[in-house]
Amino acid sequence: MPSLFSWVGRLTRYLTGTRAPSSMNMEFQNRFIFPNHPPRAQYIDHGYVPWELLDAIQQDRDAVDGIGHIYVSSAKYCKKPKGAQHEFLIFMVKDATCDSRQNALIIDRVASPGRTDNRDSPPANLEDLTENDRRALRGEPVVSNGCVLESTLASSQEPIARRMSSNGASSISNSIAGVPALDMCRVSAHGGFKDMAQRLTLIPYTCIAELSFSDTSFTLEKLLNLAATLSNHEPRYDLFKTQCYWYSLMLWELVQRVGGTTATPFTTMRPGTNRLVPWLLAQNNSAERQRELEELVAEYERKWQSFMEELPHWKSRGVKALTDRINSRPTAPIAEDPPIVPAGQ
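Counting from 76, one number per residue, gives the positions in the sequence shown under the numbering used here.
Structure representation (structure tokens):
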């Protein structure tokens, strides 16, 4: 029986074009972006805050060797058609040193677990604003149950993994203002984005636009630095200004500017909008937003320069650098035994 199972496994890999990891010509290991396939198809997608994922890759002796070799090959701007019309971005990444390695990432913004109301979307008319809405627009603390809402996330020291799914209402029903945002990068457990989107209740969705990259220059590190720059620029979730629409739209624009490519629209649906809230369209396409994009590009360039300056330090701690140091050590000459002279000679 074991031999039968082994033969079936080999046949399956041959027919599907997949190979066991040990047979791949991999120059580095990166368990964060290319996780091992879980046993018995128990797929668990991994979630990271963008800057935490970048730090983890830098500090991992195996993964740091892959910096500069994982690149973004394509991207999709996606929108759920119902409910809050949550928006998110899908990125396909590939290993430039191993054609058979690729995976899917989903990056989006949701509110932290604290709720202040039960709405599925912002009010369509300004006349319908609640007192908390008006407080939020004035930049004042939001009141919930008679107390000023305080975030327990701000004092939390444990790494934030993706502990919540982005369902139809998650992007705008959890917060008015003053709540830390959860900007997450989710990594597929098995290389595909459709199954991951289904597990995260992001299906059905509509692909609004798509990006294709002609070379390997737009790397994973550039993408994560862009996402981290955007998160640092506006770390709080604001129902009226910096919700999932703002985050996805701004990141999409930044990717095009830094990546040197232009998106191809697929539908007449506009990104960064909600059909129930028409004033979001004007807000996200205003001159203020364009100035904000220029500021973000400048912030990213400073962050990227700092990242590249620190990179040699992290690379020096990687497996390849360690192996090179070991191989470069001079070896002592092998002492030869004196010839044996027969007695009597």
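A virtual CB, placed ideally from N, CA and C, is assigned to each residue, including glycine.
Short of 8 Å in beta carbon distance, which residues of its chain neighbour residue i, apart from the five on each side in sequence? Order them along the chain.
i	result
L326	L164, I182, L301, A302 and L305
L368	M325, E328, L329 and R332
Q177	S148, M167, V168, K169, D170 and G266
S289	T336
D137	F103, Q104, N105, R106, G393 and V394
V372	L329, R332 and V333
E370	H308
Mark residue i as exposed unless 16 or more other C-beta atoms lie within 10 angstroms of its C-beta, in which case mark it buried.
i	result
K157	exposed
A236	Legend: pLDDT at A236 = 32, less than 50; position of this residue unreliable, value from coordinates given subsequently. Exposed, since its Cβ has fewer than 16 Cβ neighbours within 10 Å.
N249	Per-residue confidence for N249 stands at a pLDDT of 43, beneath the threshold of 50, marking its modelled position as unreliable; the derived number appears in the next sentence. It is buried - the Cβ of N249 has at least 16 other Cβ atoms within 10 Å.
V416	exposed
A362	exposed
K269	exposed
D135	buried
E162	buried
Could you tell me the boundaries of the beta strand (DSSP E) in which residue i lies?
i	result
Q365	Looking at the DSSP string, Q365 is not in any beta strand (DSSP E); the run it does join, the alpha helix (DSSP H), is A362 to K390.
K169	E162 to D170
N178	C173 to A186
I145	I145 to K154
A272	From DSSP, A272 is part of no beta strand (DSSP E) but of the alpha helix (DSSP H) over K269 to R274.
A284	T281 to S287
Of the choices the options, whose alpha-carbon is the least far from that of residue i?
i	options	result
V254	T342, D270, I108 and E309	E309
K155	L299, Y280, M271 and A179	Y280
L180	K378, W321, Y118 and R261	R261
L299	Q365, M101, N111 and I145	I145
R184	D174, S175 and Q160	Q160
G61	F268, E127, C153 and V124	Because the chain spans 76 through 420 in this model, residue 61 falls outside it and cannot be assessed.
W126	T406, S403, F382 and G143	F382
L295	W379, T406 and N307	W379
E376	I119, S175, K297 and V124	K297
P387	P414, M101, Y322 and G143	G143
S292	G334, R366, W321 and P413	G334
E385	V372, Y118 and D130	D130
A338	D174, S287, E374 and Q365	S287
I119	M271, Q365 and P413	M271
Considering only residues of the same chain and omitting the five flanking positions on each side of residue i, which have a CB-CB separation below 6 Å?
i	result
K151	I165, C282 and E285
P340	A284
Y312	A186, S250, V254 and A256
T172	E102 and H144
G141	F103 and N105
E374	T304
Among residues of its own chain, excluding the 5 on either side of residue i, which ones have a beta-carbon nearer than 7 Å to its beta-carbon?
i	result
Q133	V139 and W389
H112	H265
A396	K390
D258	V124, P125, R184, A302, S306 and Y322
L128	F107, C260 and L299
Which first and last residues belong to the alpha helix (DSSP H) in which residue i is found?
i	result
H265	Run containing H265: none; DSSP gives neither H nor E here.
Y320	C319 to G334
A302	L295 to H308
T398	V394 to S403
L129	P125 to Q134
Shorter than 6 Å, the distance from the beta carbon of residue i to the closest heavy atom of the ligand NAP, or not?
i	result
S403	Among the components of this structure there are no ligands whatsoever, and the ligand NAP is therefore not found.
| Inter-stretch contact at 8 Å, needing at least 3 Cβ pairs: the stretch 274 to 281 / the stretch 317 to 324 | no
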